[in-house]
Each structure stands twice: as structure tokens, then as C-alpha cells.
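J.:
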Amino acid sequence: MARIMALDFGTKRTGIAVSDELKMIASGLTTVKTPELLEFLEKYFKEEKVELVLVGEPKQKDDTASAVEVYIQQFLKIFSKKFPEMPFKRVDERFTSKMAFQSMIDSGVKKKKRRDKALIDEVSATIILQTYLYE
């Protein structure tokens, strides 16, 4: 069985989450520097079976695209060429960073750790994936 992966893409860092093989539970995997993302994915895809990659679609409250969308589009063009057999799907990621931060508070994560933007990105990717799995 294969997993589903979610990416919370950012210009500096990208949070990554994966499902279990039964596609029931989302778990944070890591956060990587965005320039190293394709290299990370290449290694991961060789080690694990992934059937779908979810890529967050950041939108403003008024439904317009976020500024980072330009970079996501560039990444997806390269991704499609490098991994032509790997399907991807865009999913709305509005408010996931706020939800991630609140989730960390609710889970008792210490204030110093909550300032770790890499952790917020990883938790955001996990929320993107878990929301998709619930649908």
C-alpha cells in the first residue's frame, strides 16, 4: 500500500507530512529547506511508496492567490518534469498556520518551541493532510 504526502510549501522552508499506509492518520515527517525539497523528495520516493502528493494552495481571505503562489507554480512545473508518474493535487490551505499554532498550544507545546517556524510548517502540512483524509 502507498502513502499520501502533503507539502506546506514556503519560499524558505517546506513542511512535509505523510499518511500511514492505510491512509487514515497523518503524521508530520519533517521540514526541509525549500531549495533542497526536490532532492529530499527523490530520496523519499525511492524508499517509500507514495501515490499522491497534496500541495497546499494558499489563498487570501478574499479568495485571491497568496504571493507565494508564483513560487509554487514554478516548483510544480519542475516537479512534474522530475516525477512525471507522481500525481499531485492542490488543496486549500487557508488558516493552516494559525490552526497549527493553536494545535501546538492545545497540545501543551512550550512557548519557545512554538516559535520554531519549521515545526509550524510541519504541523501545517499535517493539518492539510489530515483534512484531506477526513474528506
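Using the working numbering, the first residue of the sequence shown is number 93, and each one after it goes up by one. For each residue, glycine too, the CB sits at the ideal point set by N, CA and C. Computed from a prediction, not measured in an experiment: that's the story for all the values here.
1. Please state whether the Cβ-Cβ distance between K135 and K104 is less than 8 Å.
2. Write down the C-beta distance between E149 and E185 rounded to the nearest angstrom, noting that I regard them as a contact closer than 8 Å.
3. Can the beta-carbon of Y224 be found less than 8 Å from the beta-carbon of A109?
4. Judging by CA-CA distance, which residue of A217, P176, V147 and D154 is the nearest neighbour of Y163?
5. Would you list the residues sitting across from G120 in a DSSP beta bridge?
6. Pick from K169, T122, D112 and I117: whose alpha carbon is nearest that of K209?
7. Measure the alpha-carbon distance for F101 versus L144 and round it to whole angstroms.
8. Residues in the same chain with beta-carbon distance under 7 Å from V183, minus the five sequence neighbours each way, listed in chain order, please.
T.: On the basis of the data shown:
1. The answer is no: Cβ separation not under 8 Å.
2. 6 Å
3. no
4. Nearest Cα to Y163 within the set A217, P176, V147 and D154: V147.
5. Looking at the DSSP assignment, G120 forms a beta bridge with A109.
6. T122
7. Pairing F101 with L144, the inter-Cα distance amounts to about 16 Å.
8. L146, G148, E149, I220 and Y224
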